[in-house]
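A short write-up of the structure that comes next.
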Amino acid sequence: MSSQFNYLVQELVRKSSNEHDFVDKNLVNEVLVGLKECKPPKHLEILKDYLAAITKKLRFQLVELEFAAEPNDSVITKLKDKINAANTLPVDFKYTVNKSLIAGFRIRLVDDVFEDSVKSRLSKLSQSFTS
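Numbering (the numbering used here), first residue to last: 54 to 184.
Here it is as structure tokens:
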């Protein structure tokens, strides 16, 4: 992000977030319509920096959970509670079933991946034999 537009872009990101600090699609649309109407100088650079900042913020508010089979509600609740307790910002959860895990789960939070699955254990075992 260029320092020339840093304050403006951060203000636009703030205006794109609701009272719970979540990026809100309607608020993002309002910001984009406002930028389109007023067309400030170098608006394309501002839009590029805004897109990068919004994308970064969205990555911090989404936790992706992959399960080898459809999880029951108690497992989901326990994971959500533990993740929310460890995280200072509010997050959304996205659940998917990934049968290639064979058994277990994978959690993606920003750039971190936590995995406890048969697939990962078999992969480690295979690597130990080939090393």
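C-beta atoms are modelled at their ideal positions from N, C-alpha and C, and glycine is treated no differently.
Using a 10 Å radius around the Cβ and a threshold of 16 neighbouring Cβ atoms, would you call residue i buried or exposed?
| i | result |
| --- | --- |
| Arg-159 | buried |
| Phe-58 | buried |
The ligand MN heavy atoms versus the CB of residue i: any closer than 7 angstroms?
| i | result |
| --- | --- |
| Phe-182 | Of the ligands one can find in the structure shown there are none, so the ligand MN has no counterpart to examine. |
Would residue i pass as a contact of residue j if the rule is Cβ separation under 8 angstroms?
| i | j | result |
| --- | --- | --- |
| Val-150 | Phe-182 | no |
| Leu-154 | Ser-170 | yes |
| Val-81 | Ile-99 | no |
Hey, how far is the Cα of residue i from the Cα of residue j?
| i | j | result |
| --- | --- | --- |
| Glu-83 | Ser-69 | 8 angstroms |
| Val-128 | Ser-173 | 20 angstroms |
| Asp-165 | Arg-67 | 25 angstroms |
| Tyr-103 | Leu-97 | 10 angstroms |
| Glu-123 | Leu-61 | 44 angstroms |
| Lys-89 | Glu-72 | 24 angstroms |
| Lys-92 | Phe-75 | 26 angstroms |
| Glu-168 | Gly-157 | 8 angstroms |
| Phe-146 | Lys-109 | 16 angstroms |
By DSSP, does residue i sit in helix, in strand, or in coil?
| i | result |
| --- | --- |
| Ile-99 | helix |
| Asp-134 | helix |
Check your understanding: Can at least three beta-carbon pairs, one atom from the segment 136-148 and one from the segment 105-117, be found at a separation below 8 angstroms?
Key -> The segment 136-148 vs the segment 105-117: in contact.
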